[in-house]
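Chains as they are written, first to last, in my numbering: chain A, 1 to 290; chain B, 1001 to 1270.
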């Protein structure tokens, strides 16, 4: 049995087709990325999974149960994290936890999670930073050790340290057999922790890729400045590199796929400055999923 | 269900206490000045005699001399025809408007929807917690007459106050249910407040207009303020039977419709 099965899912808002015939499935015990640029329909899909909104057509099954008809039963097995905190400003974290415990029963994971995340449970939510609010939201999503985690852009706006802590927690959950469904518009993030990813654009599925396949579709934007002259011919020999601009001592180029060869080449020279950026998802889509 | 119910009450506790203390302060003032008004009833009646009859009718004053004879007459005119309904409306509109539309606007509704409880349970918890707050407000303000009358040595007729308590509950309950309906329909508090207050203002205006011209008299039947007849409840110890049907019907109808809309609608926070 699949953890999540989405079959021909459609959600229209008037004339706007937010999702238009989406079909994919997620294996149990996997970390599944749900990748797409802003406005692609990721959040709408997640809202259908969570039964916040009702599909225009199609079917969503989670753990073999209908996501709409069996929503109450399913939610006892699902932990949900929104892209930005949905917390009560005048409460503190303990009050949120108490409310959830009264609904779902007592949790013995709260202290562990709070310690791991470095979360302060006593301060009012309105006094907390975005990162600290997200920590509280994560505790609320994880405190009952759900079988399935549905995360909508969980690391957006967070500092790299907190991002890494979240990745560690997710990996640890996966190792315990939990299923994680995670939306993102950050390819590097999905590559880092997911095994498989569905890629959507304009509400339609573009591809479901194994993460190794996705890795080949990376695009790097590289800018380097050297003490000595750049050897154009050596760079040109690297087949997946495209030179955008070449000066006497500097070069800017686009690398598609593996960057290893280029870095090894650069390492032989005296580098004054080096910038390597991941291309945005939009550019990757233009290149690979036209 | 109990968790959300109790939490909602806790969140509204301070503001509800402010409403209750504010209204009791006014009732205390009316009760405190009533003995001296009673002593000067004739002089005051003469002084008010110069006021236009239609204006007095608009404010529910039909017998000026009687107004100072009993505390019930005095409170019916001074408190329950104007101040109490305003406070009651403000309280129920603020609670009802926040209960769903406010939660959607502040995105906190997702925290509740992500839990293993049905939307109907969320709705019932929210609705009845608000209703209980209003019952407490009505009981505490109306029955504050008991200790206050004793403090100031004023005679009162408990049965009449019980009537205004029932009528007040029906009146406020109907407005609360209408506000909850708008709250279930919209995703912004401002819209829920706007439409609820709009309905109330129109009904208030209809009641005033109907008392000014005979050919418009039937418009009063479209107004809650016609059925919320404080004079009749407190002075005559009666409630118009139609008030039970109108307020009760609107309460039940609006609440069922609100529950249906909330359980079926798309809830998107942004």
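The C-beta atom is built at its ideal place from N, Cα and C for all residues, glycine as well.
Could you round the C-beta distance between residue i and residue j to whole angstroms and report it? I think they count as a contact, below 8 Å.
| i | j | result |
| --- | --- | --- |
| residue 295 of chain A | residue 13 of chain A | In the structure displayed, chain A extends from 1 to 290; residue 295 of chain A sits before or after that span and is not available. |
| residue 1101 of chain B | residue 1186 of chain B | 5 Å |
| residue 36 of chain A | residue 200 of chain A | 4 Å |
| residue 1207 of chain B | residue 1191 of chain B | Going by Cβ atoms, the distance from residue 1207 of chain B to residue 1191 of chain B rounds to 25 Å, so no, they are not a contact pair. |
| residue 131 of chain A | residue 89 of chain A | That belief does not hold up - the Cβ atoms of residue 131 of chain A and residue 89 of chain A are roughly 16 Å apart, past 8 Å. |
| residue 1172 of chain B | residue 1088 of chain B | 4 Å |
| residue 104 of chain A | residue 76 of chain A | 7 Å |
| residue 72 of chain A | residue 1116 of chain B | 5 Å |
| residue 1078 of chain B | residue 1030 of chain B | 5 Å |
| residue 205 of chain A | residue 198 of chain A | 6 Å |
How many Å lie between residue i and residue j at the Cα?
| i | j | result |
| --- | --- | --- |
| residue 1230 of chain B | residue 1143 of chain B | 15 Å |
| residue 29 of chain A | residue 1097 of chain B | 42 Å |
| residue 1255 of chain B | residue 15 of chain A | 31 Å |
| residue 116 of chain A | residue 125 of chain A | 19 Å |
| residue 140 of chain A | residue 1035 of chain B | 59 Å |
| residue 1176 of chain B | residue 1131 of chain B | 8 Å |
| residue 1052 of chain B | residue 1074 of chain B | 19 Å |
| residue 1247 of chain B | residue 1001 of chain B | 27 Å |
| residue 1047 of chain B | residue 1105 of chain B | 52 Å |
| residue 1270 of chain B | residue 1107 of chain B | 7 Å |
| residue 265 of chain A | residue 173 of chain A | 39 Å |
| residue 267 of chain A | residue 284 of chain A | 27 Å |
| residue 1235 of chain B | residue 1076 of chain B | 8 Å |
| residue 189 of chain A | residue 153 of chain A | 10 Å |
| residue 78 of chain A | residue 1091 of chain B | 37 Å |
| residue 1266 of chain B | residue 1199 of chain B | 25 Å |
| residue 246 of chain A | residue 38 of chain A | 33 Å |
| residue 213 of chain A | residue 134 of chain A | 31 Å |
| residue 227 of chain A | residue 251 of chain A | 12 Å |
| residue 193 of chain A | residue 164 of chain A | 10 Å |
| residue 1127 of chain B | residue 1183 of chain B | 11 Å |
| residue 1012 of chain B | residue 67 of chain A | 34 Å |
| residue 61 of chain A | residue 167 of chain A | 26 Å |
| residue 1044 of chain B | residue 1214 of chain B | 29 Å |
Report buried or exposed for residue i, applying the criterion of at least 16 other Cβ atoms within 10 angstroms of its Cβ.
| i | result |
| --- | --- |
| residue 255 of chain A | buried |
| residue 248 of chain A | exposed |
| residue 64 of chain A | exposed |
| residue 1252 of chain B | exposed |
| residue 1040 of chain B | exposed |
| residue 176 of chain A | exposed |
| residue 191 of chain A | buried |
| residue 1085 of chain B | buried |
| residue 8 of chain A | exposed |
So which residues of chain B does residue i contact, with C-beta pairs closer than 8 Å?
| i | result |
| --- | --- |
| residue 106 of chain A | Here the premise fails: no neighbours, minimum Cβ distance about 13 Å. |
| residue 102 of chain A | 1002 and 1003 |
| residue 12 of chain A | Neighbours of residue 12 of chain A on chain B: none; closest Cβ ~11 Å, over 8 Å. |
Run through chain A and tell me which residues come within less than 9 Å of residue i, C-beta to C-beta.
| i | result |
| --- | --- |
| residue 1267 of chain B | 47, 52 and 53 |
Please list the partners that residue i has in chain A, where partner means a Cβ-to-Cβ separation under 7 Å.
| i | result |
| --- | --- |
| residue 1012 of chain B | In chain order: nothing, as chain A lies at least about 11 Å away. |
Using a C-beta to C-beta distance shorter than 8 Å, which residues of chain A count as neighbours of residue i?
| i | result |
| --- | --- |
| residue 1069 of chain B | Near residue 1069 of chain B there are no residues of chain A at all, since even the closest Cβ is about 48 Å away, more than 8 Å. |
At a CB-CB cut-off below 7 Å, which residues of chain B make contact with residue i?
| i | result |
| --- | --- |
| residue 300 of chain A | For chain A, the structure presents residues 1 to 290; residue 300 of chain A sits outside this window and is missing. |
| residue 88 of chain A | 1108 |
| residue 292 of chain A | As displayed, chain A neither begins before 1 nor continues past 290, which places residue 292 of chain A out of reach and without an answer. |
Item to check | Cβ-based contacts, 8 Å cut-off: residues of the region 1101-1120 of chain B near chain A | outcome: 1106, 1107, 1108, 1109, 1110, 1111, 1113, 1114, 1115, 1116, 1117 and 1118
Next on the checklist: Can you pull out the residues from the region 61-75 of chain A whose beta carbon lies closer than 9 Å to at least one beta carbon of chain B?
Outcome noted: 71, 72, 73, 74 and 75
Item to check | Residues of the region 1025-1052 of chain B with Cβ closer than 9 Å to any Cβ of chain A, in chain order | outcome: none
Checklist entry - Name the residues in the region 1223-1239 of chain B whose C-beta lies less than 7 Å from a C-beta of chain A; which are they? => result Residues passing the 7 Å Cβ filter: none.
Checklist entry - In chain order, what residues of the region 1180-1213 of chain B put their CB closer than 8 Å to some CB of chain A? => result none
Next on the checklist: What are the residues in the region 153-170 of chain A lying within 7 Å of chain B by C-beta distance?
Outcome noted: none
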